[in-house]
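Peer 1:
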């Protein structure tokens with residue numbers, strides 16, 4: 001029974017942070033704001049987290065780990081639409097939290113940086129060994145930043161099919177520009 005109560009409290013506290021992030025910048029949010037939104041007492045919050053930064057760090061780490069696992073499972077070819085579409089579908093259920101957390105840029109808890117690092121790592125592993133007119137590192141960074149933009153935009157606005165197709169057309173164009 002205790003585990004279920006702890007799970008519910010943590011879930012509610014995390015939801016409280018996300019609801020506050022829809023209205024305020026992270027730096028403006030207090031523990032009291034989170035507790036009020038989550039309908040938990042401050043002692044409950046502090047039982048689970050040292051401060052709002054520890055809460056943010058846990059939430060970023062959870063989502064970064066899931067994202068990396070999804071890339072390991074889903075992204076086997078960065079030149080086709082289907083892997084990105086499958087990734088969107090897996091992330092869609094947590095879209096509000098992801099979109100909010102992508103906007104928080106704290107030094108040690110930055111989901112955007114985690115996603116970019118993961119995308120770059122996977123792109124490097126999947127990028128075909130070919131000679132490009134541009135440096136390989138530039139192609140990887142270009143792919144990572146455009147993929148993150150495509151993912152973020154689709155989670156906010158929908159239309160993942162159109163965005164994924166455009167994204168992959170763009171990257172196929174980059175890959176076809178041999179030196």
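Residue numbers (the UniProt record's numbering): 1 to 179. Every residue, glycine too, gets a C-beta built ideally from N, C-alpha and C.
Determine the extent of the alpha helix (DSSP H) in which residue 140 is found, giving its start and end residues.
Peer 2: 136-157
Peer 1: What separation, rounded to the nearest whole angstrom, lies between the Cα atoms of residue 12 and residue 162?
Peer 2: If I take the Cα positions, the gap works out to 35 Å.
Peer 1: Could you tell me how far apart the beta carbons of residue 51 and residue 31 are, in whole angstroms, since I believe they sit closer than 8 Å?
Peer 2: 7 Å
Peer 1: Where do the ends of the alpha helix (DSSP H) carrying residue 117 lie?
Peer 2: 111-126
Peer 1: Let me check understanding here. Comparing Cα to Cα, which of 5, 72 and 40 lies closest to residue 119?
Peer 2: Residue 119 has its Cα closest to that of 72, out of 5, 72 and 40.
Peer 1: List the residues that DSSP assigns as beta-bridge partners of residue 58.
Peer 2: Residue 58 pairs with nothing; no bridge assigned.
Peer 1: State yes or no: is the C-beta of residue 64 within less than 9 Å of the C-beta of residue 143?
Peer 2: no
Peer 1: What does a CB cutoff of less than 8 Å around residue 41 pick up in its chain, not counting 5 residues either side in sequence?
Peer 2: 35
Peer 1: Given this structure, state the Cα-to-Cα distance separating residue 48 from residue 121, to the nearest angstrom.
Peer 2: 32 Å
Peer 1: Expressed to the nearest angstrom, what Euclidean distance is found between the alpha-carbon atoms of residue 112 and residue 8?
Peer 2: In this structure, the straight-line span from the alpha carbon of residue 112 to that of residue 8 is close to 27 Å.
Peer 1: Could you tell me which of 133, 84, 100 and 158 sits nearest to residue 167, measuring between CA atoms?
Peer 2: Its Cα nearest to that of residue 167, the residue 84 stands out among 133, 84, 100 and 158.
Peer 1: Among 44, 38, 39 and 16, whose alpha-carbon lies nearest the alpha-carbon of residue 6?
Peer 2: 44
Peer 1: Based on the DSSP output, what are the partners of residue 106 in its beta bridges?
Peer 2: 109
Peer 1: Answer yes or no: do residue 53 and residue 3 have a C-beta to C-beta separation smaller than 9 Å?
Peer 2: no
Peer 1: Please report how far the alpha carbon of residue 14 lies from the alpha carbon of residue 29, in whole angstroms.
Peer 2: 13 Å
Peer 1: Under 8 Å by Cβ, that's how I've got residue 70 and residue 155 pegged, so tell me the actual separation to the nearest angstrom.
Peer 2: At roughly 13 Å, the Cβ-Cβ gap does not stay under 8 Å, so residue 70 and residue 155 are not in contact.
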